[in-house]
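Undergrad: Below you'll find the structure I mean.
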Amino acid sequence: MSDRVAVVTGGLAGIGQAIAVTLASQGMHVAIGARRGKDAALQQRMRETVGPETFVDALDVCDERSVTAFFDGVAQRIGPVDILVNAAGVTLHQTVTDHSLEDWRAVMDTNLTGPFLTTRAALPAMIARGWGRIVNIGSTAVRTAQPDYPAYCASKAGLLGLTRAVALEGAPHGVSCVMISPTWVETDMLRSSAAKMATASGRTQEEEIAQIARSNPQTRLVQPDEVAALVAFFCSDQAPALTMEDIQVNAGALW
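Letter by letter, the sequence shown follows residues 0 to 254 in numbering that gives the first Met the number 0.
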């Protein structure tokens, strides 16, 4: 897998950063796109964390022009994209009845329209070269839902539909596409959600996190490195027939 070019959106933290580190450790040329990608301090931190040749640039996945500019920059600086990992995502803690249209659109644009735009930018060259891997980071919320996260659940369910359509489009051309759907992963996003839950419940953030960990049979939180390892396998030459799937990383829960 050395010399493959891999784009990871949302790669500055959490699951995205773990994926970037893992792919770089296997010899891939990693490009990280994030809204804060122009920040020189963050660029330096990613070169220290992921690898000295890591390319980091600004990317707003909700903006068509930003997506085009980012992928053009990757092609010029590193080469054509072989692997795309759509890890950028947001969530909001709101019920349907309290959800503003503005917040709904913000979640849907990031979690669903964003992967559409990045996939549209990367897929034609993959098809032309006869090889490509696209991984979308989903969620077990696609199957279970969460009453206080309607936009997040809807966006990830839509992402599964996009995943399957892309898999069918790429199948005759050596391009595969899967969605990897973890349960709660120990990230800053989880801690932020737990803080909001704590405000509503009267419990502490630590108590909310402990309750989340007890919600699956393994009674623990999934770690970002576990998701990254699965992404790396899918991106290898050992997984050409693994496509169109929603792979659950659920710590034993029968969602």
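Heads up, the beta-carbon is just placed ideally off N, CA and C, and yes, glycines get one too. As the structure is a prediction and not an experimental result, all values here were calculated from the model.
Could you have a look at residue 13 and say whether DSSP puts it in helix, strand or coil?
TA: helix
Undergrad: What do you get for residue 66, buried or exposed, if any count of 16 or more other CB atoms within 10 angstroms of its CB means buried?
TA: buried
Undergrad: For residue 175, which beta-bridge partners are listed by DSSP?
TA: 132
Undergrad: With which residues is residue 28 paired in a DSSP beta bridge?
TA: 4
Undergrad: Among the candidates 25, 45, 239 and 88, whose CA atom is the shortest distance from the CA of residue 158?
TA: 88
Undergrad: Would you mind reading off the limits of the alpha helix (DSSP H) that contains residue 255?
TA: The requested residue 255 does not occur in the structure, where the chain is confined to residues 0 to 254.
Undergrad: What residues are listed by DSSP as bridge partners for residue 85?
TA: The partner list for residue 85 (beta bridge, DSSP) reads 8 and 135.
Undergrad: Helix, strand or coil for residue 60? Go by DSSP, reduced to three states.
TA: The answer is coil: DSSP assigns residue 60 none of H, G, I, E or B.
Undergrad: My understanding is that residue 197 touches residue 203, with C-beta atoms under 8 Å, so please give their C-beta distance in whole angstroms.
TA: With a beta-carbon spacing of about 6 Å, residue 197 and residue 203 fall inside the 8 Å limit used to define contacts.
Undergrad: Taking residue 129 as the reference, give the member of 70, 228 and 173 with the closest Cα.
TA: Of 70, 228 and 173, the residue nearest in Cα terms is 173.
Undergrad: Please report the residue range of the alpha helix (DSSP H) in which residue 102 lies.
TA: 100 to 107
Undergrad: Rounded to the nearest angstrom, what separates residue 7 and residue 112 at their Cα positions?
TA: 16 Å
Undergrad: On the DSSP letters alone, give me the boundaries of the beta strand (DSSP E) that residue 248 sits inside.
TA: 245 to 248
Undergrad: When DSSP labels each residue in this structure, what does residue 235 get in the three-state scheme?
TA: coil
Undergrad: Between which two residues does the alpha helix (DSSP H) holding residue 164 run?
TA: 149 to 169
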